[in-house]
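Below is one structure, written out as structure tokens, with a few remarks after it.
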Amino acid sequence: MFGKACDFNELRQGKYEVAVVNRILLMIVWPTRSEPRAFHGMCPHANEPLADARFDGETLTCAHHDWAFSSETGACIKGQPCTLREFPLKIENGEVLVDTGDFAPNGPR
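So the sequence shown is numbered by our numbering: it starts at 451 and just counts up by one.
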């Protein structure tokens with residue numbers, strides 16, 4: 451089920467917004483050469499929030515331990531092999547909607 455993350459007019463290409471949908475912290479990133487994407491807002495390395503991450507339009511870098519992730523795929527490009535969980539995103543009627551499905555930070559609901 452899709453839930454509202456933010457209004458589309460809050461997004462900027464090359465930037466990110468932090469959102470919460472169904473009590474799940476999300477990073478809505480808009481890569482410079484792509485469409486907006488929704489990733490889990492917790493770093494898989496140490497389960498630290500990515501809310502204060504650095505983003506250069508291509509790479510999302512965790513402020514806590516400098517692990518870096520591709521904004522196109524969520525794949526870790528600096529750190530141990532892992533991937534940020536991506537969620538389906540759609541834009542309707544000026545709203546950014548994200549489907550968190552049955553995901554819960556501590557396992558399926």
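Glycine included, each C-beta is placed from N, C-alpha and C at the ideal position.
8 angstroms contact criterion, which residue i and residue j should meet: CB distance rounded
i, j, result
"His495", "Trp517", "5 angstroms"
"Thr482", "Gly464", "5 angstroms"
Within 8 angstroms, strictly: CB atoms of residue i and residue j
i, j, result
"Thr523", "Ile474", "no"
"Cys512", "Cys532", "no"
"Leu510", "Pro486", "no"
"Ala488", "Glu536", "yes"
Best match in the options for proximity to residue i [C-alpha to C-alpha]
i, options, result
"Asn459", "Phe553, Ala554, Asp552, Val546", "Val546"
"Asp502", "Asn543, Tyr466, Arg535", "Tyr466"
"Ala525", "His514, Asn472, Pro538, Glu508", "Glu508"
"Asn497", "His514, Pro538, Asn543, Ile541", "His514"
"Ile478", "Val548, Asp506, Phe553, Glu542", "Val548"
"Ala554", "Gly544, Cys456, Leu476, Val468", "Leu476"
Backbone secondary structure at residue i - three-state DSSP
i, result
"Ile541", "strand"
"Glu536", "strand"
"Pro558", "Summary for Pro558: the model assigns pLDDT 43, below 50, so the residue's position carries little reliability; its value from the coordinates is reported in the next sentence. The answer is coil: DSSP assigns Pro558 none of H, G, I, E or B."
"Phe489", "strand"
"Phe452", "strand"
"Asp457", "strand"
"Asp552", "coil"
"Cys512", "coil"
"Glu467", "strand"
"Arg504", "strand"
"Pro499", "strand"
"Ser521", "coil"
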